[in-house]
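In the numbering used here, the protein residues as written are 10 to 385.
Notes for the one structure printed next.
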């Protein structure tokens with residue numbers, strides 16, 4: 010009898026251990042566990058490594074055997090579907106690593122439509138750079154997300170509405186079904202949402218023609234950024250309306266005593282682009298403004314107008330010698346966008362290849378390619 014009792018306890022312990030092991034094994038087979046393990050593997054690609062090592066891994070020059078390619082991990086996560094979205098977004102929100110955020114973005118895009126609601130909810134707690142990554146994920150999924158994004162324009166948090174509008178804009182004409190909702194968003198109480206809505210409508214171009222009556226009043230928005238994006242949208246949707254409604258008021262603003270008004274007026278004319286050609290004389294004058302940001306914005310606008318701004322070439326050549334490198338950069342970019350009609354600028358741009366600032370040298374080199382596409 011004692012012998013039987015002596016064996017009962019060990020046998021029970023073994024049975025319990027076996028049941029626990031079976032339970033744990035079953036747990037490890039659940040989609041949730043697999044998702045978290047894969048996300049942990051993804052995070053491990055960059056944890057506990059020095060910055061140079063992380064760069065080498067990203068460049069493909071350092072591939073330790075214990076580290077799988079991120080594409081393989083993304084494929085496994087995509088196969089798990091929606092269940093992987095939660096762990097992925099946890100990893101996204103708990104890191105400042107751009108590399109990890111990029112990998113998570115691709116994985117969310119690979120999951121497709123089932124992961125979209127999770128991405129939209131995640132907008133609430135992200136910063137501007139985080140929202141940009143999440144927008145990338147939605148764009149990877151494609152136009153099939155449009156119905157969900159239209160609903161997200163009513164999101165309780167402005168970050169959610171802003172992210173939805175940005176994603177719709179990135180899809181361009183393919184998201185034209187969202188135009189009515191974006192028109193309503195032009196009156197959102199949050200200026201970032203109004204910016205994104207105006208920009209999105211502009212990217213839809215002629216397919217968003219129904220937005221014109223709403224964009225004209227937006228030219229008087231209290232926020233200068235909204236006014237500029239509304240002007241740019243009109244320039245892409247209906248150039249004639251932009252030339253009539255927007256160009257005259259921004260041309261007048263170039264003569265304002267307020268430097269910020271002058272700078273934003275020039276930027277707005279650049280957003281309008283080619284339809285702003287009637288403002289060329291005033292923009293040439295603005296290249297002489299005492300404030301660098303006005304001069305830089307004027308150069309940007311002349312470049313955005315394109316070949317029609319050939320009369321500005323002498324003034325832009327002069328701007329290549331501006332004391333502010335940001336103005337020199339904008340002037341070089343503008344000459345490149347004017348293209349072959351800016352051939353007279355070739356000697357000055359060749360000289361700009363020696364500029365002390367690397368980004369000015371790069372802009373000059375690119376401009377020379379645009380002016381002389383065949384290298385002649």
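Ideal Cβ placement from N, Cα and C applies to all residues, glycine included.
Bounding residues of the alpha helix (DSSP H) (the contiguous stretch that carries residue 112): 107–120
Environment of residue 194 [buried if 16+ CB atoms lie within 10 Å]: buried
Cβ-Cβ distance between residue 321 and residue 289 below 8 Å: yes
Backbone CA spacing between residue 306 and residue 118 [nearest angstrom]: Roughly 36 Å separates the two Cα atoms.
Residue 371 in three-state terms, based on DSSP: helix
Cβ pair residue 192, residue 161 closer than 8 Å: no
Cβ-Cβ distance between residue 361 and residue 369 below 8 Å: yes
Pick from 268, 269 and 276 that is closest to residue 239, judged by C-alpha positions: For residue 239, the nearest C-alpha among the options comes from 276.
Best match in 135, 120, 125 and 123 for proximity to residue 103 [C-alpha to C-alpha]: 135
For residue 208, the nearest candidate out of 174, 185, 219 and 190 (CA to CA): 174
Close-in-space but distant-in-sequence residues of the same chain around residue 210 (CB under 6 Å, 5 per side omitted): 191, 217, 220 and 242
Proximity below 8 Å, CB of residue 318 to CB of residue 273: no
Continuous alpha helix (DSSP H) stretch holding residue 101: start and end: Per DSSP, residue 101 belongs to the alpha helix (DSSP H) from 94–102.
In chain order, each alpha helix (DSSP H) run of at least 4 residues that lies wholly inside the segment 264–305: 268–281 and 289–295
Inter-residue Cα distance where the pair is residue 106 and residue 116: 15 Å
Distance, residue 335 Cα to residue 131 Cα: 36 Å
C-beta contact flag for residue 285 and residue 308 at 8 Å: no
Supposed close pair residue 295, residue 303 - CB separation, criterion 8 Å: 6 Å
Cβ-based burial, residue 164 [other Cβ within 10 Å; buried from 16]: buried
Between the CA atoms of residue 224 and residue 245 - distance to the nearest angstrom: Distance between the alpha carbons of residue 245 and residue 224 is about 12 Å.
Cα-Cα separation, residue 338 to residue 155: Going from the Cα of residue 338 to the Cα of residue 155 covers about 38 Å.
Delimiting residues of the alpha helix (DSSP H) encompassing residue 262: 256–262
Candidates 109, 171 and 235, of which the one nearest residue 133 by Cα: 171
Rounded Cβ spacing between residue 214 and residue 248 (contact assumed at less than 8 Å): Not really, about 10 Å apart at Cβ, beyond 8 Å.
C-beta contact flag for residue 148 and residue 184 at 8 Å: Inclusion of residue 148 and residue 184 in the CB contact set at 8 Å is not warranted, their separation being larger than that value.
Residue 271 versus residue 345 - alpha carbon distance: 24 Å
Alpha-carbon spacing of residue 378 relative to residue 120, whole angstroms: 41 Å
Collapsed DSSP secondary structure at residue 382 in the structure displayed: Coil at residue 382, not helix or strand.
Option in 364, 201 and 325 with minimal Cα separation from residue 348: Just measuring C-alpha positions, the residue of 364, 201 and 325 sitting nearest residue 348 is 325.
Residues near residue 140 in its chain [Cβ-Cβ closer than 8 Å; skip 5 each side]: 132, 168, 171, 172 and 175
Contacting residues, own chain, Cβ-Cβ under 8 Å from residue 38 (five flanking each side not counted): Caution applies to residue 38, whose pLDDT of 44 falls short of 50 and renders its modelled position unreliable; the model cannot decide the point.
Start-end ranges of the alpha helix (DSSP H) lying completely within the segment 182–259, minimum 4 residues: 188–194, 200–213, 221–227 and 233–246
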